[in-house]
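Worksheet: the structure to be examined is printed underneath.
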Amino acid sequence: MGVHLESREQLAPLAARILAHLVLKGKKGETFEHLVSDLNASKSTIFTHLSTLQASNRITYYTKSGDRKKYFILSPNALINSMDEIIENWKDEKELHLEISNYKKDINETLPEDSEDKFDLEFHQEYLNYLDQASSLMQNLRTKLIENHKNH
Numbered sequence: 001m002g003v004h005l006e007s008r009e010q011l012a013p014l015a016a017r018i019l020a021h022l023v024l025k026g027k028k029g030e031t032f033e034h035l036v037s038d039l040n041a042s043k044s045t046i047f048t049h050l051s052t053l054q055a056s057n058r059i060t061y062y063t064k065s066g067d068r069k070k071y072f073i074l075s076p077n078a079l080i081n082s083m084d085e086i087i088e089n090w091k092d093e094k095e096l097h098l099e100i101s102n103y104k105k106d107i108n109e110t111l112p113e114d115s116e117d118k119f120d121l122e123f124h125q126e127y128l129n130y131l132d133q134a135s136s137l138m139q140n141l142r143t144k145l146i147e148n149h150k151n152h
C-alpha cells in the first residue's frame, strides 16, 4: 500500500509508509514512538514526515485525557480531498475529449457521406459516458462519506 500511495499521492517513501500504517491502524491511531519502532526509522525522519503530512492535511492527531502522547490518525477530510482531486481530473479529461470529439465531428461534416477519411467517434462517446458514470458514482460515494462523518 505504501508504494501505491507514494506513486498516487506523490509522497516520499517514508511518508507513504506512515500514511499506509495509519490506514491500517484506523481510528485507534498510532503514537510517535510506535511509528519509530514499527517503521524502523529515526525520530527526526519520522517527525519531519509527520509534520509534512499534517501540513498537507493528510493526517491529524488526538490526545487522551491523562496521557501526554499524540495519537496520529488519517485526517477525516483526506479521503474527501482525494476524491475531489479525482473528480476534478475527470472533469478536465472530459472537457478535453469533448473538444477533440467536436473537432472530429466538424471535420466529418465537411467530408462526403461515404468518405473513408471520416473519424470514428464511438471511442470518444463511450469514454465520455464512462467519465460521466464514474464521476457520478464518485460524487455519490463522497456525499455518503460526508453524511457518515457528520453522524459520528
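In the UniProt record's numbering, the protein residues as written are 1 to 152.
Every residue, glycine too, gets a C-beta built ideally from N, C-alpha and C.
Bear in mind the structure is a predicted one, so any value in this text is a computation, not a measurement.
Check	Outcome
Contact check, residue 73 vs residue 60, beta carbons under 8 angstroms	yes
Other residues of its chain near residue 234: CB distance less than 7 angstroms, five sequence neighbours each side excluded	Past the boundaries of the shown model lies residue 234; the chain is included only from 1 to 152, so the question cannot be answered.
Supposed close pair residue 118, residue 111 - CB separation, criterion 8 angstroms	5 angstroms
Cβ-heavy atom distance, residue 3 to the ligand SAH, below 7 angstroms	The ligand SAH is not part of the structure shown, which contains no ligands of any sort.
Bridge partner(s) assigned by DSSP for residue 72	30, 61
Residue from 123, 136, 15, 6 with nearest C-alpha to residue 55	15
Option in 140, 105, 36 with minimal Cα separation from residue 124	105
Exposed unless 16 or more other CB atoms sit within 10 angstroms - verdict on residue 99	exposed
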